[in-house]
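The block underneath contains the structure these notes are about, expressed in structure tokens.
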Amino acid sequence: MRALYPGSFDPLTLGHLDLIERGCALFGEVVVAVLSNPAKTPAFTLQQRFNQIHLATAHCKGVSVISFDGLTVTCASHNQVDLILRGLRAMSDFEYELQIAHTNRSLASDVETIFLATAAHHSFLSSSMVKEVARFGGNIDHMVPEVVAQDLHRLFN
Ligand code: ADP
């Protein structure tokens, strides 16, 4: 099966990476779809986020990386995926994720969303928290893949 894992990944964290690895083990193929929303100003360019994901997932068979800027269900149908993969960290994620999943099913009833619970030791990780810690010089080595740690050091030093 082929899963679509959409997100901003600004930047990729070890929580995202854990989800990609487990998605590959469960489904065989994971298409990581990086949101390129011109209305948002990301810390990392699309090219940088692509590069981070490529390098960090080099050990995973079955991962591909694409960009998208429209509806997730349109991206899902263009890439002929069987399901959308999303992660759940806490109840706060659940309400938002449920709303997105219902919206997507109302637009494309054949596209299911599968949620994986985050690994407990990664449940506090978010891209914005990692950027905040890095901005003030904190250690982020246990939060992100090495390539992302290097990019964050370059960004804030
Ligand atoms: P978005 O802007 O779409 O929320 P993110 O890059 O923040 O994009 O997240 C993409 C997906 O990864 C979401 O389903 C989110 O819940 C999940 N995710 C984010 N951080 C973690 C984590 N630490 N562990 C597991 N899943 C996560």
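Heads up: the sequence shown begins at 719 in my numbering, then just goes up one per residue. Glycine residues also receive a C-beta, built at the ideal position from the N, C-alpha and C atoms. Treat the numbers as computed from the prediction; the structure is a model and nothing was measured.
Of the residues the options, the one placed nearest residue i, counting alpha carbons only
i      : options                           : result
Leu825 : Ala794, Glu850 and Gly855         : Ala794
Arg686 : Thr836, Leu737 and Met719         : An answer regarding residue 686 cannot be provided, because it is not within the stretch 719 to 875 covered by the chain.
Phe842 : Gly733, Val750 and Gly725         : Gly733
Leu870 : Arg720, Ala721, Asp728 and Met719 : Asp728
Residue environment, residue i, which counts as buried when at least 16 other CB atoms sit within 10 Å
i      : result
Met847 : exposed
His839 : exposed
Tyr723 : buried
Gln770 : buried
Leu789 : exposed
Phe762 : buried
Asn875 : exposed
Asn877 : Any answer about residue 877 is impossible in this case: the structure gives the chain only from 719 up to 875.
Alpha-carbon to alpha-carbon, residue j and residue i
i      : j      : result
Val799 : Met861 : 29 Å
Asp813 : His820 : This sequence places Glu at residue 813; Asp is not what is there. Roughly 11 Å between the two C-alpha positions.
Thr731 : Asp859 : 10 Å
Gly746 : Gly725 : 19 Å
Leu873 : Gly780 : 30 Å
Ser785 : Val752 : 5 Å
His777 : Ser827 : 34 Å
Glu815 : Thr759 : 22 Å
Glu739 : Val865 : 17 Å
Ser844 : Thr792 : 26 Å
Thr775 : Ser782 : 9 Å
Three-state class that DSSP yields for residue i in the structure shown
i      : result
Ile818 : helix
Gly733 : helix
Arg740 : helix
Arg720 : strand
Ser841 : coil
Ala867 : helix
Ser678 : The chain is shown from 719 up to 875; residue 678 falls before or after that span and cannot be answered.
Arg804 : strand
Ile771 : helix
Phe874 : helix
Val848 : helix
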